[in-house]
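I have placed the structure first, in the form of C-alpha coordinates, so that the comments after it can refer back to it.
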Amino acid sequence: MLAQVVRRLIVAIPTLLCIVAAAFVLMHLAPGGPFTKERQVPREIEQRLEAKFGLDLPIEQQLIRYLVGAEEGGGLLRGDLGPSMTYKDKDVADILAEGAPTSLLLGLGAMAVALIVGGSLGILAALRQNKAQDYAVMAIAILGVCLPPLVVGPLLQLLFGVEWRILPTQGLYRDEFGIRYLLLPILTLALPLTAIVSRLMRASMIETMRSNAIRTARAKGLPEAQIVWRHALPIALLPIVSYAGPALAAVMSGSFVVETVYALPGIGKQFVIAALGRDYTVVMGVVLVYSVLIIVLNLCSDLMYRVLDPRARTA
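First residue of the sequence shown? That's 1 in the UniProt record's numbering, and the numbers climb one at a time after it.
Okay, structure coming up:
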(Lines of atoms letter the chains of each structure in order from A and count residues from 1; the text may use other names and numbers.)
(Lines give C-alpha, C1' and ligand atoms only; values in the text may rest on other atoms or scores of the structure.)
Protein backbone atom coordinates (compact mmCIF):
# COMPACT_ATOMS: atom_id res chain seq x y z
CA MET A 1 0.00 0.00 0.00
CA LEU A 2 2.90 2.36 0.75
CA ALA A 3 4.31 1.78 -2.74
CA GLN A 4 0.93 2.67 -4.24
CA VAL A 5 0.79 5.91 -2.24
CA VAL A 6 4.30 6.88 -3.40
CA ARG A 7 3.44 6.09 -7.05
CA ARG A 8 0.25 8.16 -6.88
CA LEU A 9 2.07 11.11 -5.33
CA ILE A 10 4.79 10.96 -8.02
CA VAL A 11 2.14 10.91 -10.76
CA ALA A 12 0.37 13.80 -9.06
CA ILE A 13 3.26 16.20 -9.77
CA PRO A 14 2.99 16.25 -13.60
CA THR A 15 -0.79 16.11 -13.26
CA LEU A 16 -0.77 19.30 -11.19
CA LEU A 17 1.58 21.00 -13.65
CA CYS A 18 -0.74 20.13 -16.55
CA ILE A 19 -3.77 21.47 -14.63
CA VAL A 20 -1.94 24.69 -13.77
CA ALA A 21 -0.77 25.18 -17.37
CA ALA A 22 -4.23 24.53 -18.83
CA ALA A 23 -5.97 26.84 -16.33
CA PHE A 24 -3.35 29.54 -16.86
CA VAL A 25 -3.67 29.51 -20.66
CA LEU A 26 -7.49 29.36 -20.67
CA MET A 27 -7.74 32.21 -18.17
CA HIS A 28 -5.41 34.46 -20.15
CA LEU A 29 -7.24 33.69 -23.39
CA ALA A 30 -10.51 34.96 -21.89
CA PRO A 31 -11.44 38.54 -22.90
CA GLY A 32 -10.66 41.40 -20.54
CA GLY A 33 -7.92 41.84 -17.99
CA PRO A 34 -7.30 42.84 -14.39
CA PHE A 35 -6.77 46.49 -15.31
CA THR A 36 -9.52 46.90 -17.94
CA LYS A 37 -12.41 47.84 -15.69
CA GLU A 38 -15.25 50.31 -15.89
CA ARG A 39 -13.10 53.11 -14.50
CA GLN A 40 -10.56 53.92 -17.18
CA VAL A 41 -6.98 54.50 -16.06
CA PRO A 42 -4.34 56.34 -18.08
CA ARG A 43 -2.61 54.12 -20.61
CA GLU A 44 0.80 54.76 -19.03
CA ILE A 45 -0.35 53.52 -15.64
CA GLU A 46 -1.96 50.46 -17.22
CA GLN A 47 1.29 49.66 -19.05
CA ARG A 48 3.30 49.98 -15.83
CA LEU A 49 0.90 47.63 -14.02
CA GLU A 50 1.06 45.11 -16.88
CA ALA A 51 4.87 45.26 -16.85
CA LYS A 52 4.92 44.79 -13.07
CA PHE A 53 2.93 41.55 -13.31
CA GLY A 54 4.50 40.44 -16.60
CA LEU A 55 1.24 40.72 -18.56
CA ASP A 56 3.05 42.43 -21.44
CA LEU A 57 5.00 39.23 -22.16
CA PRO A 58 3.93 36.42 -24.51
CA ILE A 59 1.71 33.91 -22.77
CA GLU A 60 4.34 31.14 -22.73
CA GLN A 61 6.80 33.47 -20.99
CA GLN A 62 4.10 34.50 -18.51
CA LEU A 63 3.51 30.81 -17.70
CA ILE A 64 7.23 30.19 -17.18
CA ARG A 65 7.44 33.29 -15.00
CA TYR A 66 4.46 32.09 -12.94
CA LEU A 67 6.04 28.66 -12.46
CA VAL A 68 9.73 29.47 -11.88
CA GLY A 69 9.53 33.16 -10.96
CA ALA A 70 11.55 36.14 -12.12
CA GLU A 71 14.97 37.47 -11.19
CA GLU A 72 13.53 39.17 -8.14
CA GLY A 73 12.14 35.85 -6.88
CA GLY A 74 8.71 34.28 -6.65
CA GLY A 75 7.36 31.39 -8.70
CA LEU A 76 5.00 28.53 -7.93
CA LEU A 77 7.79 25.93 -7.87
CA ARG A 78 9.43 27.95 -5.10
CA GLY A 79 6.20 27.90 -3.09
CA ASP A 80 5.25 31.50 -3.92
CA LEU A 81 1.69 31.99 -5.23
CA GLY A 82 2.45 35.62 -6.01
CA PRO A 83 0.70 38.90 -5.13
CA SER A 84 -2.94 39.69 -5.76
CA MET A 85 -3.58 41.89 -8.79
CA THR A 86 -6.55 43.68 -7.26
CA TYR A 87 -5.81 43.79 -3.52
CA LYS A 88 -2.93 46.14 -2.77
CA ASP A 89 -0.15 44.81 -0.52
CA LYS A 90 -1.83 41.41 -0.23
CA ASP A 91 -0.45 38.05 -1.36
CA VAL A 92 -2.53 35.17 -2.71
CA ALA A 93 -1.39 33.01 0.19
CA ASP A 94 -2.78 35.58 2.63
CA ILE A 95 -6.16 35.65 0.85
CA LEU A 96 -6.38 31.85 0.81
CA ALA A 97 -5.31 31.64 4.46
CA GLU A 98 -8.05 34.08 5.45
CA GLY A 99 -10.79 32.15 3.64
CA ALA A 100 -9.61 28.58 4.23
CA PRO A 101 -10.80 28.14 7.87
CA THR A 102 -14.34 29.20 7.02
CA SER A 103 -14.56 27.01 3.91
CA LEU A 104 -12.98 24.05 5.72
CA LEU A 105 -15.44 24.26 8.62
CA LEU A 106 -18.35 24.58 6.23
CA GLY A 107 -17.21 21.70 4.02
CA LEU A 108 -16.31 19.28 6.81
CA GLY A 109 -19.51 20.05 8.71
CA ALA A 110 -21.71 19.63 5.64
CA MET A 111 -20.03 16.37 4.64
CA ALA A 112 -20.30 14.98 8.19
CA VAL A 113 -24.04 15.75 8.23
CA ALA A 114 -24.46 14.24 4.76
CA LEU A 115 -22.63 11.00 5.60
CA ILE A 116 -24.32 10.46 8.97
CA VAL A 117 -27.87 11.54 8.11
CA GLY A 118 -27.84 10.54 4.43
CA GLY A 119 -26.20 7.20 5.14
CA SER A 120 -28.69 6.37 7.92
CA LEU A 121 -31.67 7.35 5.77
CA GLY A 122 -30.34 5.27 2.87
CA ILE A 123 -29.96 2.19 5.06
CA LEU A 124 -33.44 2.70 6.49
CA ALA A 125 -34.96 3.05 3.02
CA ALA A 126 -33.19 -0.07 1.75
CA LEU A 127 -34.26 -2.21 4.70
CA ARG A 128 -37.86 -0.93 4.34
CA GLN A 129 -37.97 -1.05 0.55
CA ASN A 130 -41.35 -0.15 -1.00
CA LYS A 131 -42.77 0.74 2.42
CA ALA A 132 -43.74 4.07 3.93
CA GLN A 133 -40.25 4.76 5.31
CA ASP A 134 -38.72 4.11 1.88
CA TYR A 135 -41.11 6.50 0.14
CA ALA A 136 -40.57 9.16 2.80
CA VAL A 137 -36.77 9.00 2.46
CA MET A 138 -36.92 9.15 -1.32
CA ALA A 139 -39.29 12.13 -1.15
CA ILE A 140 -36.84 13.93 1.13
CA ALA A 141 -33.98 13.03 -1.22
CA ILE A 142 -35.79 14.36 -4.28
CA LEU A 143 -36.66 17.53 -2.37
CA GLY A 144 -33.02 17.96 -1.37
CA VAL A 145 -31.79 17.55 -4.94
CA CYS A 146 -34.42 19.86 -6.42
CA LEU A 147 -34.03 22.73 -3.93
CA PRO A 148 -30.81 24.66 -4.66
CA PRO A 149 -28.86 26.37 -1.82
CA LEU A 150 -29.89 29.73 -3.29
CA VAL A 151 -33.49 28.90 -2.28
CA VAL A 152 -32.82 26.90 0.90
CA GLY A 153 -30.50 29.53 2.40
CA PRO A 154 -33.00 32.45 2.48
CA LEU A 155 -35.78 30.08 3.66
CA LEU A 156 -33.71 28.94 6.64
CA GLN A 157 -32.74 32.54 7.39
CA LEU A 158 -36.41 33.54 7.37
CA LEU A 159 -37.52 30.68 9.65
CA PHE A 160 -34.64 30.37 12.14
CA GLY A 161 -33.39 33.95 12.09
CA VAL A 162 -36.40 36.19 11.49
CA GLU A 163 -39.47 34.24 12.67
CA TRP A 164 -38.09 32.14 15.53
CA ARG A 165 -34.96 34.22 16.31
CA ILE A 166 -32.92 31.25 17.52
CA LEU A 167 -29.94 31.45 15.10
CA PRO A 168 -28.03 34.33 13.46
CA THR A 169 -28.62 34.81 9.77
CA GLN A 170 -25.32 36.30 8.59
CA GLY A 171 -21.73 36.98 9.56
CA LEU A 172 -19.25 34.96 11.58
CA TYR A 173 -17.62 34.97 15.00
CA ARG A 174 -19.32 38.04 16.37
CA ASP A 175 -19.56 36.58 19.86
CA GLU A 176 -18.15 33.76 21.94
CA PHE A 177 -20.57 31.27 20.34
CA GLY A 178 -19.21 31.61 16.82
CA ILE A 179 -20.25 28.09 15.85
CA ARG A 180 -23.89 29.25 15.92
CA TYR A 181 -23.16 31.32 12.81
CA LEU A 182 -22.17 28.20 10.90
CA LEU A 183 -25.19 26.00 11.67
CA LEU A 184 -27.51 27.39 9.00
CA PRO A 185 -24.77 27.55 6.30
CA ILE A 186 -23.80 23.94 7.07
CA LEU A 187 -27.42 22.80 6.84
CA THR A 188 -27.85 24.66 3.56
CA LEU A 189 -24.72 23.11 2.08
CA ALA A 190 -25.48 19.65 3.49
CA LEU A 191 -29.01 19.28 2.12
CA PRO A 192 -28.14 18.34 -1.50
CA LEU A 193 -25.20 16.21 -0.33
CA THR A 194 -27.47 14.35 2.10
CA ALA A 195 -29.97 13.68 -0.66
CA ILE A 196 -27.31 12.25 -2.97
CA VAL A 197 -25.72 10.12 -0.22
CA SER A 198 -29.10 8.68 0.83
CA ARG A 199 -29.95 7.68 -2.74
CA LEU A 200 -26.52 6.13 -3.31
CA MET A 201 -26.70 4.29 0.01
CA ARG A 202 -30.19 2.95 -0.65
CA ALA A 203 -29.31 1.61 -4.11
CA SER A 204 -26.03 0.09 -2.95
CA MET A 205 -27.61 -1.50 0.14
CA ILE A 206 -30.46 -3.05 -1.85
CA GLU A 207 -28.01 -4.52 -4.38
CA THR A 208 -25.78 -5.86 -1.60
CA MET A 209 -28.67 -7.45 0.33
CA ARG A 210 -29.59 -9.36 -2.85
CA SER A 211 -26.05 -10.67 -3.42
CA ASN A 212 -24.97 -14.29 -3.09
CA ALA A 213 -22.75 -13.43 -0.11
CA ILE A 214 -25.76 -12.24 1.90
CA ARG A 215 -27.84 -15.25 0.81
CA THR A 216 -25.05 -17.49 2.04
CA ALA A 217 -24.90 -15.65 5.36
CA ARG A 218 -28.67 -16.11 5.80
CA ALA A 219 -28.39 -19.79 4.88
CA LYS A 220 -25.88 -20.18 7.71
CA GLY A 221 -28.52 -18.86 10.11
CA LEU A 222 -26.72 -15.65 11.12
CA PRO A 223 -28.83 -13.02 12.89
CA GLU A 224 -30.25 -10.36 10.53
CA ALA A 225 -28.61 -7.51 12.46
CA GLN A 226 -25.20 -9.16 12.11
CA ILE A 227 -25.79 -9.71 8.39
CA VAL A 228 -26.70 -6.05 7.86
CA TRP A 229 -24.02 -4.32 9.96
CA ARG A 230 -21.10 -6.73 9.64
CA HIS A 231 -21.46 -8.22 6.16
CA ALA A 232 -23.63 -5.92 4.03
CA LEU A 233 -22.70 -2.45 5.27
CA PRO A 234 -18.94 -2.54 4.42
CA ILE A 235 -19.74 -3.56 0.83
CA ALA A 236 -22.59 -1.06 0.51
CA LEU A 237 -20.31 1.76 1.65
CA LEU A 238 -18.01 1.43 -1.38
CA PRO A 239 -19.99 3.80 -3.69
CA ILE A 240 -20.23 6.31 -0.84
CA VAL A 241 -16.46 6.22 -0.37
CA SER A 242 -15.93 6.84 -4.10
CA TYR A 243 -18.37 9.76 -4.05
CA ALA A 244 -17.16 11.33 -0.81
CA GLY A 245 -13.62 12.15 -2.02
CA PRO A 246 -14.44 14.49 -4.93
CA ALA A 247 -17.52 15.84 -3.11
CA LEU A 248 -15.49 16.73 -0.04
CA ALA A 249 -12.89 18.49 -2.20
CA ALA A 250 -15.64 20.51 -3.85
CA VAL A 251 -17.26 21.69 -0.61
CA MET A 252 -13.95 22.28 1.20
CA SER A 253 -12.76 24.57 -1.59
CA GLY A 254 -15.69 26.88 -0.94
CA SER A 255 -19.27 27.43 -2.00
CA PHE A 256 -19.89 30.83 -3.53
CA VAL A 257 -23.68 30.68 -3.11
CA VAL A 258 -23.68 29.69 0.58
CA GLU A 259 -20.84 32.03 1.48
CA THR A 260 -22.57 34.92 -0.29
CA VAL A 261 -26.03 34.29 1.20
CA TYR A 262 -24.60 34.10 4.73
CA ALA A 263 -21.90 36.77 4.19
CA LEU A 264 -19.07 34.39 5.09
CA PRO A 265 -15.46 35.18 4.08
CA GLY A 266 -14.63 31.84 2.43
CA ILE A 267 -12.53 30.75 -0.53
CA GLY A 268 -15.51 30.25 -2.85
CA LYS A 269 -16.59 33.85 -2.52
CA GLN A 270 -13.01 35.06 -3.08
CA PHE A 271 -12.72 32.85 -6.18
CA VAL A 272 -15.77 34.32 -7.93
CA ILE A 273 -14.76 37.89 -7.02
CA ALA A 274 -11.27 37.20 -8.40
CA ALA A 275 -12.65 35.58 -11.58
CA LEU A 276 -14.95 38.53 -12.27
CA GLY A 277 -12.10 40.97 -11.61
CA ARG A 278 -9.61 38.92 -13.68
CA ASP A 279 -7.33 38.60 -10.66
CA TYR A 280 -5.28 35.89 -12.35
CA THR A 281 -3.02 34.99 -9.44
CA VAL A 282 -5.88 34.53 -6.94
CA VAL A 283 -7.83 32.40 -9.43
CA MET A 284 -4.73 30.24 -10.03
CA GLY A 285 -4.25 29.89 -6.28
CA VAL A 286 -7.81 28.60 -5.78
CA VAL A 287 -7.50 26.25 -8.76
CA LEU A 288 -4.28 24.87 -7.30
CA VAL A 289 -5.86 24.34 -3.85
CA TYR A 290 -8.87 22.61 -5.39
CA SER A 291 -6.65 20.37 -7.55
CA VAL A 292 -4.48 19.34 -4.59
CA LEU A 293 -7.60 18.55 -2.55
CA ILE A 294 -9.02 16.44 -5.39
CA ILE A 295 -5.79 14.45 -5.74
CA VAL A 296 -5.28 13.90 -2.00
CA LEU A 297 -8.91 13.03 -1.23
CA ASN A 298 -9.16 10.70 -4.22
CA LEU A 299 -6.07 8.92 -2.93
CA CYS A 300 -7.67 8.67 0.52
CA SER A 301 -10.85 7.28 -1.10
CA ASP A 302 -8.88 4.63 -2.95
CA LEU A 303 -7.07 3.61 0.22
CA MET A 304 -10.35 3.40 2.13
CA TYR A 305 -11.79 1.36 -0.75
CA ARG A 306 -8.96 -1.15 -0.39
CA VAL A 307 -9.58 -1.41 3.34
CA LEU A 308 -13.31 -2.08 2.90
CA ASP A 309 -13.08 -4.38 -0.14
CA PRO A 310 -10.53 -7.25 0.08
CA ARG A 311 -10.87 -7.85 -3.69
CA ALA A 312 -9.30 -4.45 -4.40
CA ARG A 313 -6.14 -5.37 -2.48
CA THR A 314 -5.23 -8.05 -5.02
CA ALA A 315 -6.17 -5.97 -8.10
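Cβ atoms here follow ideal geometry from the backbone N, Cα and C, with glycine treated the same way.
Look up residue i in the DSSP assignment and give the residues it is bridged to.
i	result
residue 73	70
residue 185	For residue 185, which the question treats as bridged, DSSP gives no partner whatsoever.
residue 83	91
When you compare only the Cα positions, how much space is there between residue i and residue j?
i	j	result
residue 148	residue 59	38 Å
residue 16	residue 296	12 Å
residue 237	residue 201	7 Å
residue 316	residue 45	Past the edges of the chain, shown from 1 to 315, lies residue 316, and the structure says nothing about it.
residue 152	residue 219	47 Å
residue 170	residue 285	27 Å
residue 217	residue 289	45 Å
residue 56	residue 21	18 Å
residue 100	residue 225	42 Å
residue 346	residue 123	Given that the chain is displayed from residue 1 to residue 315, the structure contains no residue 346 and the question cannot be resolved.
residue 119	residue 239	11 Å
residue 31	residue 303	42 Å
residue 116	residue 234	15 Å
residue 150	residue 223	46 Å
residue 261	residue 164	19 Å
residue 266	residue 189	13 Å
residue 155	residue 167	13 Å
residue 87	residue 4	42 Å
residue 52	residue 70	11 Å
residue 307	residue 65	43 Å
I'd like to check one pair, residue j with residue i: are the Cβ atoms closer than 7 Å?
i	j	result
residue 84	residue 279	yes
residue 76	residue 63	no
residue 255	residue 293	no
residue 242	residue 301	yes
residue 277	residue 186	no
residue 198	residue 251	no
residue 281	residue 54	no
residue 125	residue 134	yes
residue 95	residue 270	yes
residue 287	residue 274	no
residue 257	residue 195	no
May I ask which residues mark the beginning and end of the alpha helix (DSSP H) holding residue i?
i	result
residue 28	2-29
residue 45	43-52
residue 212	212-219
residue 134	132-146
residue 319	Only positions 1 to 315 of the chain appear in the structure, and residue 319 is not among them; the question remains open.
residue 264	Careful: residue 264 lies outside any alpha helix (DSSP H) and carries neither H nor E.
residue 306	280-308
residue 251	238-252
residue 120	119-127
Tell me whether residue i counts as near the ligand PLP, meaning its Cβ is closer than 6 Å to at least one heavy atom of that ligand.
i	result
residue 21	This structure lacks the ligand PLP; in fact it carries no ligand of any kind.
So that I know if they touch, is there some Cβ in chain D lying closer than 7 Å to that of residue i?
i	result
residue 23	Here chain D cannot be found, since the structure has a single protein chain.
Exercise for the section: Determine, using beta-carbon pairs with one atom in the region 179-197 and one in the region 208-215, whether at least three such pairs fall under 8 Å. Expected result: No, they do not touch.
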